[in-house]
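See below for the structure under consideration.
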Amino acid sequence: MAAKEAAIGQPALEFIVVEAAAIPMPPPWHEETVREGDNLSLIFSRAGFSERDVYEVSRTDGGRGLRKIYPGQTIAFRTGTHGELHKVKHTESKLKWTVFTRDGNDFKSSVTQRSPELRQESAILRIQSSLFLAGQRAGLSNRVIMGLADVFGGVIDFALDPRVGDTIELVYEAQWLDGEKYADGAIVAAAFTNRGTTFDAFRYTDSQGDMSYYNGEGVSMRKAFLKAPLDFTRVSSNFNPNRLHPIYKTKRPHRGTDYAAPRGTPVYAAGDGRILEAGYTRANGNYVFIQHGENYKTHYLHLHKRKVKQGQRVTQGEIIGTVGSTGAATGPHLHYEFLVKGVHQNPRRVHKSLPKAKSLPESEMARFKSTVQAPSQQLAVLYQDNRLAMGQQTTGSSGGE
Ligand SMILES: [Zn+2]
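Under my numbering, the first residue of the sequence shown carries the number 19, and numbering increases by one thereafter.
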């Protein structure tokens with residue numbers, strides 16, 4: 019028995035030794051990172067290769083991709099036994115790379131594309147000063163925070179509406195790769211409770227394949243007008259729009275909303291429309307007026323820069339200018355007005371009288387209801403968790419009050 023075992027073991031051992039000696043160590047990859055202003059010739063020459071190599075690789079099927087290189091990507095090189103260029107690896111991201119391998123005077127390419135694993139994550143937020151800070155405290159990426167602003171932008175003015183004690187619960191997708199979080203993805207469902215009123219939003223892809231957000235009743239979250247027509251993350255929270263007019267020192271009738279924000283903060287078109295006027299006057303400074311359909315107009319005053327021309331079409335959220343202090347303004351702020359049939363309305367209240375947002379057709383409702391059932395239950399649980407956490411925080415920090 020023992021002899022037989024040894025006989026079997028012997029050749030196997032020899033086999034391993036022979037095989038190991040026969041495989042030479044492949045030369046290491048030499049990696050170059052694509053820099054600002056780079057092109058293939060510069061990168062190949064930094065790595066010690068010629069224009070001819072550039073030509074041979076980039077004429078390969080799939081070599082076209084190499085003409086679109088972006089800073090931060092890498093291009094790696096491996097030489098053959100005679101020092102000739104043998105392989106080139108273009109890594110676009112952790113999810114996609116292309117390897118070009120020499121085949122005579124040509125190269126053959128092979129693309130590797132990985133898809134990250136999607137996992138659902140959840141978070142609860144309590145607003146103490148701003149959505150942005152609350153999101154950061156909860157460990158959310160900017161992408162998710164901006165996603166929230168996008169989903170609720172038609173119903174919440176994130177610059178002026180949030181109050182201490184407001185809460186947000188959300189379920190979102192995260193992309194994982196090799197057991198590590200790669201990136202945050204889209205919001206699946208979210209609830210925002212602003213001064214006691216809860217708005218919820220659910221992602222839904224209809225039978226036509228169009229993805230959008232709807233409330234629990236299937237009404238679109240995308241409204242005709244944004245509630246705050248500027249990058250809310252930069253608006254000062256302790257701004258009092260009812261102050262005495264800084265220049266005239268009187269409490270003038272104020273026909274709009276003021277958003278104090280640093281010079282250069284992007285200002286957005288509140289809704290789809292056409293630029294009625296884009297100009298300058300001593301009072302308005304640089305200003306833009308937008309006509310939306312027949313009945314609505316929005317005005318944006320004291321801009322630092324105008325980014326649109328009269329007659330131009332704009333879509334909701336498009337940048338039309340930047341916050342400034344031109345004209346009769348002491349400090350940088352956006353003065354925003356909303357007119358219905360030529361009459362000034364309070365932009366903060368006008369939304370109640372605007373046309374209703376689109377609802378899902380009856381034919382989608384059964385599918386919609388079953389799609390949102392699970393996320394809706396998740397939100398309900400998170401809502402309870404958030405109340406519980408708030409209760410504990412209050413008892414913990416308020417002492418004898
Ligand atoms: Zn004003």
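Ideal Cβ positions, reconstructed from N, Cα and C, are used throughout, including at glycine. Computed from a predicted model, the values in this text were never measured in an experiment.
**Message:** Is residue 342 near ligand 2 - that is, is its Cβ less than 6 Å away from at least one heavy atom of it?
**Reply:** This structure does not include ligand 2; its bound ligands are ligand 1.
**Request:** Closer than 6 Å by C-beta to residue 298: which residues in its own chain qualify, once you throw out the five before and the five after it? Chain order, please.
**Result:** As a first step, residue 298 must be located in the sequence shown, where it is residue number 280. Scanning its chain for C-beta atoms nearer than 6 Å, with the 5 sequence neighbours on each side dropped, one finds around residue 298 the residues 304, in chain order.
**Asked** Are the beta-carbon atoms belonging to residue 253 and residue 202 less than 7 Å from one another?
**Response** If you number the sequence shown from 1, residue 253 lands on position 235. If you number the sequence shown from 1, residue 202 lands on position 184. Going by beta carbons, residue 253 and residue 202 fall outside the 7 Å limit.
**Item:** C-alpha gap between residue 326 and residue 315, whole angstroms
**Value:** As a position in the sequence shown, residue 326 is number 308, starting the count at 1. As a position in the sequence shown, residue 315 is number 297, starting the count at 1. CA-CA distance, residue 326 to residue 315, rounds to 16 Å.
**Prompt:** Would you call the CB atoms of residue 324 and residue 292 closer than 7 Å?
**Reply:** Residue mapping note: residue 324 aligns to position 306 of the sequence shown, counting from 1. Residue mapping note: residue 292 aligns to position 274 of the sequence shown, counting from 1. Residue 292 is positioned such that its CB atom lies no closer than 7 Å to that of residue 324.
**Item:** Assigned exposure category for residue 333 - 16 Cβ within 10 Å defines buried
**Value:** Within the sequence shown, residue 333 is the residue found at index 315, counting from 1. Residue 333 should be labelled exposed.
**Item:** Neighbourhood of residue 194 by C-beta distance below 7 Å, restricted to the same chain and skipping five residues each side
**Value:** Residue 194 sits at position 176 when you count from the first residue of the sequence shown. By the criterion of a C-beta distance shorter than 7 Å, residue 194 is surrounded in its chain by 134, 135, 137, 200, once the five residues flanking it on both sides are discounted.
**residue 339 CB to nearest heavy atom of ligand 1 below 6 Å** = Along the sequence shown, read from residue 1 onward, the residue named residue 339 stands at position 321. Outside the cutoff, so no.
**Asked** If you run the structure through DSSP and keep just helix, strand and coil, what is residue 167?
**Response** What you label residue 167 is simply residue 149 of the sequence shown in a count that begins at 1. Looking at residue 167 - three-state DSSP - the assignment turns out to be helix.
**Asked** If you measure from the CB of residue 317, is any heavy atom of ligand 1 nearer than 6 Å?
**Response** As a first step, residue 317 is located in the sequence shown; it is residue number 299 there, counting from the start. For ligand 1, no non-hydrogen atom lies closer than 6 Å to the CB of residue 317.
**Asked** When the Cα atoms are used, what is the spatial distance from residue 128 to residue 110?
**Response** Residue mapping note: residue 128 aligns to position 110 of the sequence shown, counting from 1. Residue mapping note: residue 110 aligns to position 92 of the sequence shown, counting from 1. For residue 128 and residue 110, the distance between alpha carbons rounds to 13 Å.
**Asked** Would you call the stretch 60 to 76 and the stretch 147 to 167 touching, i.e. three or more CB-CB distances under 8 Å?
**Response** Contact annotation: the stretch 60 to 76 does not touch the stretch 147 to 167, with fewer than three C-beta pairs closer than 8 Å.
**Request:** Could you please give me the residues that DSSP links to residue 47 through a beta bridge?
**Result:** Counting from one through the sequence shown, the residue named residue 47 turns up at place 29. Answer is none; residue 47 lacks a bridge partner.
**Request:** Would you identify the three-state DSSP class for residue 406, choosing helix, strand or coil?
**Result:** For the purposes of this step, residue 406 is identified with residue 388 of the sequence shown, where counting begins at 1. Residue state, collapsed to three classes: helix.
**Message:** Taking 8 Å as the cut-off, does the stretch 167 to 174 touch the stretch 377 to 390 (at least 3 CB pairs, one atom from each stretch)?
**Reply:** The stretch 377 to 390 makes no contact with the stretch 167 to 174, as fewer than three CB pairs between them are under 8 Å.
**Counted within 10 angstroms of its Cβ, other Cβ atoms place residue 187 as buried (16 or more) or exposed** = In the sequence shown, residue 187 corresponds to position 169, counting from 1. Flag for residue 187 reads buried.
**Asked** With 16 other CB atoms within 10 Å as the buried threshold, where does residue 122 fall?
**Response** Residue numbering aside, residue 122 sits at position 104 when the sequence shown is read from its first letter. So residue 122 counts as exposed.
**Item:** residue 392 versus residue 143: straight-line alpha-carbon distance, rounded
**Value:** As a working note, residue 392 is residue 374 in the sequence shown. As a working note, residue 143 is residue 125 in the sequence shown. Whole-angstrom Cα-Cα distance: 20 Å.
**Message:** Does residue 105 come out as helix, strand or coil in the three-state DSSP assignment?
**Reply:** As a position in the sequence shown, residue 105 is number 87, starting the count at 1. Residue 105 carries a strand assignment under DSSP once its states are collapsed to helix, strand and coil.
**Residues bridged to residue 5 [DSSP beta-bridge criterion]** = There is simply no residue 5 to check, as the chain begins at 19 and stops at 419 in what is shown.
**Enclosing alpha helix (DSSP H) for residue 303 [first to last residue]** = Residue numbering aside, residue 303 sits at position 285 when the sequence shown is read from its first letter. Counting along the chain, residue 303 falls outside any alpha helix (DSSP H), though it belongs to the beta strand (DSSP E) covering 303 to 310.
**Asked** Got a sec? Which residues, its chain only, sit under 8 Å from residue 52 by beta carbon, not counting five neighbours each side?
**Response** For the purposes of this step, residue 52 is taken as the residue at position 34 of the sequence shown. Cβ within range, chain order: 61, 87, 88, 89, 90, 91, 92, 93.
**Request:** Tell me whether residue 361 is buried or exposed, calling it buried when 16 or more other Cβ atoms sit within 10 Å of its Cβ.
**Result:** For the purposes of this step, residue 361 is identified with residue 343 of the sequence shown, where counting begins at 1. Exposed is the call here.
**Request:** Flag this pair as yes or no: are the beta carbons of residue 275 and residue 354 separated by less than 7 Å?
**Result:** Taking the sequence shown and counting its residues from 1, the one referred to as residue 275 is at position 257. Taking the sequence shown and counting its residues from 1, the one referred to as residue 354 is at position 336. Going by C-beta atoms, residue 275 is nearer than 7 Å to residue 354.
**Prompt:** At what residues does the beta strand (DSSP E) containing residue 67 begin and finish?
**Reply:** Within the sequence shown, residue 67 is the residue found at index 49, counting from 1. Looking at the DSSP string, residue 67 is not in any beta strand (DSSP E), and its letter there is neither H nor E.
**Prompt:** From residue 145 to residue 107, what distance separates their C-alpha atoms?
**Reply:** Walking along the sequence shown from the start, residue 145 turns up at place 127. Walking along the sequence shown from the start, residue 107 turns up at place 89. Each residue's alpha carbon lies about 47 Å from the other.
**Asked** Apart from the five residues on each side of it in sequence, which residues of its chain come closer than 6 Å, Cβ to Cβ, to residue 167?
**Response** To locate residue 167, count along the sequence shown from 1; it is residue 149. Excluding residues within five positions, the ones whose Cβ falls inside 6 Å are 176.
**residue 231 vs residue 242 beta-carbon contact at 7 Å** = Locating residue 231 in the sequence shown gives position 213, counting from the first residue. Locating residue 242 in the sequence shown gives position 224, counting from the first residue. No.
**Message:** Need the endpoints of the alpha helix (DSSP H) that residue 178 sits in, please.
**Reply:** On the sequence shown, position 160 is the one that residue 178 refers to. No alpha helix (DSSP H) contains residue 178, which DSSP labels as neither H nor E.
**Prompt:** Taking 6 Å as the cut-off, does the CB of residue 303 come closer than this to any heavy atom belonging to ligand 1?
**Reply:** Residue mapping note: residue 303 aligns to position 285 of the sequence shown, counting from 1. Checking every heavy atom of ligand 1 against the Cβ of residue 303, none is found closer than 6 Å.
**Item:** Delimiting residues of the alpha helix (DSSP H) encompassing residue 152
**Value:** Your numbering for residue 152 matches position 134 in the sequence shown. Here the alpha helix (DSSP H) through residue 152 covers 149 to 155.
**Prompt:** By Cβ distance, which residues of its chain are closer than 8 Å to residue 56, with the 5 residues on each side in sequence left out?
**Reply:** As a working mapping, residue 56 is identified with position 38 in the sequence shown. Once the five neighbours on either side are set aside, the close Cβ partners of residue 56 are 87, 89.
**CB contact flag (residue 351, residue 278, <7 Å)** = In the sequence shown, the residue the question calls residue 351 occupies position 333. In the sequence shown, the residue the question calls residue 278 occupies position 260. The answer is yes: Cβ separation under 7 Å.
**Prompt:** Where do the ends of the beta strand (DSSP E) carrying residue 78 lie?
**Reply:** Counting from one through the sequence shown, the residue named residue 78 turns up at place 60. Where residue 78 is concerned, there is no enclosing beta strand (DSSP E), given that its DSSP letter is neither H nor E.
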